[in-house]
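Notes follow once the structure below has been shown.
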Amino acid sequence: MKKQEIIKRYALLVIGLFFSAIGVAVTKHGALGVSPISSVSNILSCKFTTFSLGTWLIIWNGILIAGQVLLLRKRFRIFQLLQIPISFLFGYFTDFGLWCISDIPVDSYIVQIILVIAGIVILGFGISITVIADVVMNSGEAFVNAVSDISHKNFGNIKIVFDIGCVIASVILSLIFFDFKIIEIREGTIIAALLTGLAVKFFNKLLKNPLEKFIL
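Numbering (the working numbering), first residue to last: 2 to 217.
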């Protein structure tokens, strides 16, 4: 791979991370729940407010990276440690996004739904760019891929189980931390689970050819 191509791919990765993080921030601002993979960090940020959502996302991604190392052991490749700076970027971008939209009034349910849908569209756009960049997986996808490799099960099926597990873990944490109340896990989480993949597929079809031409 030529140096120029590598630079372009990593530039696209950073751009994709930025939009993905903004998508999470916009969805979070809608206060109807975030995507399954971000739900654990979201609950923890509501309980332990010393750390921001972005910081908790960094911690959560770190746990997923550690999980990959434990699962794969000698099969874990050193370049996958690039997930660490990627996780920090994603966390910082998320906090930046939350700061940017903090003044947007959320005074009706319609506005909340609009924010959730907008967040999903932006998230799907960002994820599709990172997929097309094709350099390093984010820690969530990489963890699912590691489980898939070890168990010899279909990646898509493991991804579904992983997302459901994240939501269940979030519900349990919410019940523990908030007097048996479920907070921040609402219809927005379900909508995100159902529509994010569709948004990614749509943008992949739209962007794949022009971005691959740009890379090459």
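Beta carbons: idealized from backbone N, C-alpha and C, even for Gly.
{"query": "Could you tell me whether the stretch 148-162 touches the stretch 125-139, where touching means 3 or more Cβ pairs closer than 8 Å?", "result": "no"}
{"query": "How would you call residue 215, buried or exposed, if buried means at least 16 neighbouring beta carbons within 10 angstroms?", "result": "exposed"}
{"query": "Relative to the C-alpha of residue 90, which candidate in 118, 117, 21 and 52 has its C-alpha closest?", "result": "21"}
{"query": "Residue 1 to residue 30, Cα distance in whole Å?", "result": "Summary: the structure shown does not reach residue 1, with the chain confined to residues 2 through 217, and so no result is reported for it."}
{"query": "To the nearest angstrom, how far is the alpha carbon of residue 65 from that of residue 147?", "result": "10 Å"}
{"query": "So residue 41 packs on residue 170, CB below 8 Å; how close in whole Å?", "result": "5 Å"}
{"query": "Hey, quick one: how far does the alpha helix (DSSP H) through residue 8 stretch, first residue to last?", "result": "4-30"}
{"query": "Is it true that the CB of residue 34 sits closer than 8 Å to the CB of residue 190?", "result": "yes"}
{"query": "Let's see if you can read the secondary structure: which residues bound the alpha helix (DSSP H) around residue 37?", "result": "37-48"}
{"query": "Grab me the residues of residue 218's own chain with a C-beta within less than 8 Å of its C-beta, minus the 5 sequence neighbours each way, in chain order.", "result": "Because the chain here runs from 2 to 217, residue 218 falls outside it and cannot be looked at."}
{"query": "Any contact between the stretch 101-121 and the stretch 78-93? By contact I mean 3 or more CB pairs, one from each, below 8 Å.", "result": "no"}
{"query": "Would you kindly check if the distance between the Cβ of residue 124 and the Cβ of residue 46 is under 8 Å?", "result": "no"}
{"query": "Are the beta-carbon atoms of residue 134 and residue 14 separated by less than 8 Å?", "result": "yes"}
{"query": "For residue 144, collect the residues of the same chain with a Cβ closer than 7 Å to its Cβ; drop the 5 residues on either side in sequence, then sort them by chain order.", "result": "65, 68 and 69"}
{"query": "Output the residue ranges of the alpha helix (DSSP H) runs that lie fully inside the stretch 66-141 and measure 4 residues or longer, sorted by chain position.", "result": "84-102 and 110-134"}
{"query": "Residue 213 lies in the alpha helix (DSSP H); which residues open and close that run?", "result": "188-216"}
{"query": "What's the C-alpha gap between residue 100 and residue 44?", "result": "19 Å"}
{"query": "Roughly how many angstroms separate the alpha carbons of residue 179 and residue 48, rounded to a whole number?", "result": "8 Å"}
{"query": "Residues bridged to residue 34 by DSSP?", "result": "186"}
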